[in-house]
Structures are given as C-alpha cells and as structure tokens.
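Single-structure report; data block below.
Protein chains in written order, with my numbering: chain D, 1 to 663; chain F, 664 to 826; chain G, 827 to 1005.
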C-alpha cells in the first residue's frame, strides 16, 4: 500500500511540475501576477509529493519489503540499518529519486528565502526548476521506476554490493547530488535572467550563496569518494581520472569559476555574459555526468547498471536542457549590457584569468574523458586515455592558477599596480624557495617536480596568510587595531582566506601521497617483521571473525618506531566475504598521523599452507593533509555562505532618486 | 548452520577469485631496478578485462599474466618501449593508458595547447575591444572631475577593496 | 558582429558533442577489435593434452581454412557453444583446432572433453597463457577463422551460436575456400 502511495505521489509530482514549469513562465512574460504567484505553492507541492515518494521507498527498504524489485536487488534482512537506508540511493532508480527530491528541496528553498526577489525573476527561476523536474520525473516514471513490484515476493533480497556497505560511500551520493542539483539553482537564475533580458548586480548577489552551497556540498562529495577509494581499494590511491570521477570534477571546476565570476558580476557589474555562461555550463556538466554514468557510453569501475535505452532518454533530456539553454544564450547573450572597464592587472583581471584557466582545465578534462568515445564513434579504433594524459595536461594549467592565487587578493579593483603586490610577497617567495630547497635536499628521492609542488603550496599558503595579515595590518599597527579590523572583516573574506589556505594544505598532502609513498610486498609468517620507512611492522597472525553480514579473516600487525620496543599501534586489516553476495572485499588497517599513514593489507595465504600470508605494507606520507585541507576549504565555503550581505535582499527601488547603495 | 562460518572461511582462504590485490610477492623481480621499471610500465598498461584499471592495480588473472610477461621481457633485455610494443602488438593501442602520439591522438595531445591559445587570444581580444570602447568614450568631450570629486572617488574606490 | 558568432559557439560545440553521444550509444566501449586480422597466425608449438598424442602447432593450420577455438574446462560459456562445435565436427563443416587456455590441473581438459564431446582435430595445452595472449585473448571462448595460408581473417568473441555461424562466420569461410 505504501509503495503504491509512493508511486502515485510521484505521478502527482510530475503533474505539479508540469504546472510549475509552464504557468509561471508564461505569466512572467505576460505580466500575469496570478500565474506567477502559482510558482511558490507549486514548488511546495512538488516538495511534498516527492518527499512522500522518497519516504515510501525508504519505508520499503527499512521494512525489507521484498515485493519491490528495487529492494530485492539492493537489500537484505541481515544488512545493517545504516546500509538499509543508504541502499535506497545506492542504485540507479533510488538515486534518481534522491536527485529529484533534492531538486524539489532547492526549489522550495527559493520560495522560502526568496521573498524579496522580484516576482518575475522568482517565477521564472521556479519555472525552470519545474521544467528540470519534469524531465527527471518522466525519466524515472518511464524508464527507472523504483516502485516496480514483483509477485510472488522472494524470501530475501540480493543485498547491496559490499563495496557500498561503507559509511563513506553511504554519504558520498547525497553530497554529490546536493552539489549537482545545487548548480541547477544558478542555472535557473541564468535562464531566468536571459529570458528577462537583463543581468544586474542583484542577480549576481542572488546567485552567489546558492553556488557557494552547491560548491561546498560537491567538494564534500568528491572528497568523500576520494577518501573512500584511499582506504578501501587497498594501496593508497585516491584519484584515478576515471570517467565517473571526471564527471564529478568538471562541474566542480566550472562551479569554482562561476563562484569567482559572480563576484565580479556583483561588485563591478561586468563579466556578466561569462557568469551566465558558466552558470549554464556548471549544471550542464552535472547533467552530462548523469548521462556518462548511466548510459554505458564509457567504461568505468563506477558505472551503474547501464542501459542504452536510458541513455537515449537522458540524451534527449540533455539536448533539450543544454541545447535549449545554449540556444537561448546565443540569442539573448549579445544583448547583455557590458559593464565597467578594468585593466588587465586588477582584481577583475585576475578573476578573468581564473575564469580562463578553470575553463581551459574543464575543457581539457572533458576532452580526455570523451576522446575514446570520439574515436570509437568515428570508427577509428579504440584508444584509452588514462591518468598519464590527465596528469600531463591538467597540472600545467594549475600551476599559473596557484601562482596567481596568492597575488590576486592583493590587487585592487579596476586598476592595480603589479609591483606593489609582488614586492609585498617577496618574503613569501623566499620562504617558498627555502621550503622547496629543503624538500629537495632532505628527501632522498625528492624529484624536482615534488619540490616545485612544495614551492607552490608554500607560495599559496604563506601568500594567503600574508595577505590576511596585511589586511588587518598585523604588526604594522597596534594590536588592538588589528583585532578591530579582524572583527570587521566580512565573512566572505574569511571564507576566501580559509579556502585558499585549505587548498595549499591539500596540495602538500597530494604531493606526499603521490610522490613519497613507500610500499613493501612480501610473504610473512606470524612473528616476522618488515621495516617500512622507519616503522617496524610485525605480523602477529590472522584469525577468523564474524560481522553482521560477513565473515572475515582478520590479520594483526603491531607497529613500532624502528628500534623501539614499545608498540605504537596495532593494525587490523581484514579480508571479508559477504554471506549473501559471496563477494569479497578488503579492508586495510590504517593509522593516521600528521606525518603519514601506517597502512597494512592482508592478502592471500601463501600457497604452501605454512601459515604465512601475502602482506602489503605501506607508509603513505602526509595523506591526512589532503583531507584536512579539503575540510578547511569546505569550512571556508560555508563561512562565506553565512556572510550577512548575502542575506540582505535586493534593495527595493525607493521613490526618491537617491543613489542606490551598493551594500 | 554451524558449519556455515567455517565453510565460508574456507572459501575465503581457498577461493581463487578472492582479490589478490595486484602484485604478488612471487611476481616481484630480484633486481630492484628492473622491478621498478616493471611497476612503472604496469601502471601504463590497461587491464583489458577490467573496467578501466591498470594491470598494476587489477587482480584479474589476465592482468597477472601480463604483469609476468612484462617482467619476462624486461629480464630478457627489452627496453621500456619494446615491452609496451609487445603488448600493443597483441591488444592494440587500447591497452596504453598514456595514449600514443600519432594520427588519431594528435588532437588529444595538442588539444590543451590549442584551448589555451584560444583562451588567451579571446582574453586579449576582449581587452583590446574594451580599450577601443574606452578610447571612444574618452574622445567624447568628457566632464572632468573637480578636485574634491576626484578625492571622493579615490576614497570610494579604496573602500571597495573587499571581495 | 563577430561577437554574435562567439555567443553561438557553445551551442555549436554542444550539438557536435550530442551527435557523438548519439553514435556512442550504439557502440560497445568494451569490445576490443583484434590486432591479428589479416596477419599471420602467431607462431607457436603447444604440447598435447592428456588423451591426445599430438600437440598443436601453427604449422598444422596451413593448407586449409580452419577454426581456432580458445577454451578451458573452467569456462562456463564454452559449454554453451560446445554442442554446436560438435555439430560442426559431425557435419565435417570445418576443422576445429583447440587451445586449452590456463588449465590448472592435469587431465582437466581430457575429462571435460570426454564428458561433453571432443570436436577438435588437435588441441594444444596453453598452461601459462602465452599463446592465448599472443592471440590477444580477452576471455573464453574466442574463435578465429584462419585461411589456407595461415592468415587470421576473423575473430569472434564469445560463444558461437548457430545464427551467428550462418549469418557471419560461414560466409567468410566459404569466401576463403574459393581463394
């Protein structure tokens, strides 16, 4: 019964969305206030109906209702509760339902927080959201219905892929979707602005908080995925340039560019066409990601159960949504009035450079990801484009970007000298050089590339701190004044400093994890010891243990600093076999320190049955810096989000011809 | 039901399909330099029966066979290029994770440079156009600012220094 | 004027991409074409399996159009095509030569062939996969049509079903026989 209610609710949601997608839009172009006023209530109705549908599916999972095909394929009575819940979205159909739920949430959020949006703009934005919902609801109802029933219901389900039964991976999709769908907001705003025919600074002010939120969520989602890969896949890898990873990275790159471009659009009323373009691109890339992941056109370890029929539907959706918005952009874009002038060396100029580099980076990742498809489609053969290409093509673009990131905040608007900021940074330059030199000399196998990476990380990190301290006149003025300045500093400035600094820390982590990882593969008998990077790993043996829905072989390793007697930590890597699916997974035993991770994996027993096992022992330097740096980046985004100025609505035009205050 | 746990454990220990986690100790070459080369080459070779993994990462049997072959060729004295060619002769360019630089991949490798060049050209054109517009605006009889207005303007511009 | 063009660029690029996506939906990205087509069969000389007194070498393929079939007793899909291979042998349609790939135990292939029938003129024992890899194997079963001069003309991935044989493989065989 509940399942049927869920199904009907979804159909109802479709009709509401059709209403929401058409009438306010027509109303806005005709000035029909009543029709425009339909938008907000429609968005609430959509939220309600989709929530009912999602709740129905969740109830089916929690109650292990095996009359529902989706539950059969992805759940089991012995599965722990957390994974019964995350199983709801750990499959194609359920994840699409989560997608439209988040879409509905964002739509209603506009109704809730957008009370002082001009009516026409709000109506158009909500309409576009509605239209997107129509597309996806049709997709779900016609090709990917999670409420399909099976009769007679089997006694139990097929359970969830063990790889997905993991806390990191349980939360990875929701955060990703919050990001992807969050970009739909900027997209809707962009379409609405193009339809209205004007882009003014208040528009940009509206776009920024939504983009910040989406960007922050997407960052969390991507990092969760990376972190999961690191501890689950067993050798310390964290990024593989896999097509599905790229599908999440491209919107992130475009979203970062969008964020920065919106700043210029708001403050200086320029780069508006760029900002609109980026808003369309970011969401388009989200949609493209959906296509790539679920249609089967690309091979990937991540791909969902693929189905060309679904692929056709999504492609049609893409053509309508992306093609339509680019067509609108081609038609209306030229009429966006260009705004203020600025010199190449200025803060606008720096942000334009950011736009350029981020867009190029996005294009490069897109090229590499789609290239095998191009060659295959042209019947020219089969090629693979793997990590070697992406590393070679992507990193050089990031170098000028990171270098510029330390200088940018020093520049003033409209026109700026370059020598003054560079002179201000001379100590930072010396410090970075020193750090690089130290790295090169201290680490025996430090490559020039790694040392240069350290140079860049210190340049960015110290440069950001330097800019912050010069802004509060630290040590250049009485401490009390510095404190006052710090207190008065807008949150978005705090956000920028935090996020840029966080990136510097993350870069250090990436260098450590990639360049200085130490691996040791051998067969060990209980009692034997192997030294890895100054740490002694002693294998204590292995025994069987039982989990809620698996049986595991658990090895134990005591780790000591070389030469010391005292145990520093004991690691318990496991090899699990999940009872229902008979699928094995490996869980590494990891202990994190600021200098690096101690990482142990237990492998197969050696073939001579001597009680010895294949063991893989690692020291992964500085990995925690990646996760820590990324966390700081997200905190920076959220801090920016709470900037009071973002919550001040559009100033209502007053009767008196007073100059409109820009704050 | 009592036998279930030990049975499954036996499966864990005996099942050949259990992930062997890529390179095994019995594959490792004695010569560390050769082994290093083998690892690097393995990272560049795609596992053709997997979903987008290198033979270094994959635990498929075919990946293991190819890892052993890579080491055999290196021990026989093949250069890095020759080892890669050996595998490409049997499986095609598809097996190279670093795409070769030839006819069909020219656009791939040159693409980033082309994009960068287009981007730079676009930005330069943008600035030139703006400068042109500004020059036209300046050529028109402009109202010059008085000294007080100029001073106020400077203060206003400074105030806008935050993000 | 040129700015109009610039604004149309994203649409243009997207439409081109959309065409590629549409074509891409009709393709299978995991299907790997063979590098051996129109090249000589890789030279090999495999030992015999238990139950056969002769092994199988590349020279045995000269002089007639042959079907080379890579299989293993562990391969479930090979059972699916086996009855059809037996039929091909009974009807004397084409000589079938087998490469026994990656057998783990002695006599496993012999037992399997005794149980399900032996369609092979000759079988070679490829324990270490070297010859199969020389053929560019990606899984079992895989079959190759080799012409009289020992040149590989066609590779078929997966089991051979009667329809596939009649529609695709047989015409190639007949064409090669005429040469």
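We put the CB at the ideal spot given by N, CA and C, even for glycine.
Separation of residue j from residue i, as counted between CA atoms
i	j	result
residue 421/D	residue 469/D	14 Å
residue 667/F	residue 935/G	Bear in mind that the predicted position of residue 667/F carries a pLDDT of just 48, short of 50, making it too unreliable to give a figure here.
residue 843/G	residue 849/G	10 Å
residue 30/D	residue 116/D	21 Å
residue 536/D	residue 162/D	32 Å
residue 191/D	residue 518/D	51 Å
residue 591/D	residue 599/D	7 Å
residue 490/D	residue 471/D	12 Å
residue 794/F	residue 345/D	14 Å
residue 141/D	residue 287/D	18 Å
residue 138/D	residue 50/D	13 Å
residue 343/D	residue 318/D	38 Å
residue 962/G	residue 863/G	11 Å
residue 413/D	residue 497/D	18 Å
residue 1080/G	residue 837/G	This structure cannot settle anything about residue 1080/G, because the visible part of chain G is limited to 827 through 1005.
residue 134/D	residue 19/D	10 Å
Closest residue to residue i among the options (Cα-Cα distance)
i	options	result
residue 430/D	450/D, 449/D, 408/D and 458/D	458/D
residue 188/D	433/D, 352/D, 278/D and 556/D	278/D
residue 866/G	884/G, 832/G, 878/G and 852/G	884/G
residue 22/D	104/D, 626/D and 38/D	38/D
residue 204/D	300/D, 263/D and 625/D	263/D
residue 618/D	286/D, 559/D, 170/D and 207/D	559/D
residue 502/D	636/D, 255/D, 307/D and 68/D	636/D
residue 919/G	991/G, 861/G, 859/G and 960/G	991/G
residue 670/D	450/D, 549/D, 258/D and 603/D	Beyond the ends of chain D as shown, which are 1 and 663, falls residue 670/D; an answer cannot be given.
residue 258/D	209/D, 229/D, 340/D and 290/D	209/D
residue 840/G	146/D, 327/D and 28/D	327/D
residue 77/D	103/D, 465/D and 154/D	154/D
Neighbour flag for residue i against chain B, beta carbons, 8 Å
i	result
residue 739/F	No chain B is present in this structure, whose protein chains are D, F and G.
is_contact[residue i, chain G] using C-beta, thresh 8 Å
i	result
residue 664/D	Within the shown structure, residues of chain D are numbered from 1 to 663, placing residue 664/D beyond reach of any answer.
residue 690/F	no
residue 450/D	no
residue 334/D	yes
residue 752/F	yes
residue 722/F	no
residue 732/F	yes
Min CB distance residue i to chain D below 8 Å
i	result
residue 928/G	no
residue 984/G	no
residue 775/F	yes
residue 709/F	yes
residue 775/G	Chain G is shown only over 827 to 1005; residue 775/G falls outside these bounds and no answer can be derived.
residue 764/F	no
residue 712/F	no
residue 744/F	no
Residue i CB to nearest heavy atom of the ligand NAD below 7 Å
i	result
residue 831/G	No copy of the ligand NAD occurs in the structure displayed, which carries no ligand at all.
C-beta neighbour in chain F for residue i, strict 8 Å
i	result
residue 965/G	yes
residue 621/D	no
residue 842/G	no
residue 884/G	no
residue 341/D	yes
Along the chain, which unbroken stretches of the alpha helix (DSSP H) at least 4 residues long are found entirely within the region 712-746 of chain F? 724-738
Give a yes or no on contact between the region 97-115 of chain D and the region 167-187 of chain D, applying the rule of three or more CB pairs nearer than 8 Å. yes
Report yes or no: do the region 969-980 of chain G and the region 875-895 of chain G share at least 3 C-beta pairs separated by less than 8 Å? yes
Please go through the region 921-957 of chain G and give each complete beta strand (DSSP E) segment of 3 or more residues, from N-terminal end onward. 922-927 and 946-952
Every unbroken beta strand (DSSP E) within the region 969-1002 of chain G, with a cutoff of 3 residues, ordered by chain: 978-983
Is it a yes or a no for the region 862-876 of chain G touching the region 362-381 of chain D, going by three-plus beta-carbon pairs under 8 Å? no
Segments assigned beta strand (DSSP E), at least 3 residues, entirely inside the region 449-478 of chain D: none
Are three or more beta carbon pairs between the region 244-264 of chain D and the region 80-95 of chain D nearer than 8 Å? no
Are at least three pairs of beta-carbons, each pair with one atom in the region 211-219 of chain D and one in the region 559-570 of chain D, less than 8 Å apart? no
Which residue spans inside the region 488-541 of chain D form an unbroken alpha helix (DSSP H) run of at least 4? 491-515
Hey, is the region 703-711 of chain F in contact with the region 760-770 of chain F, meaning 3+ C-beta pairs nearer than 8 Å? yes
Taking one C-beta from the region 381-400 of chain D and one from the region 434-448 of chain D each time, how about it: are there three or more such pairs within less than 8 Å? no
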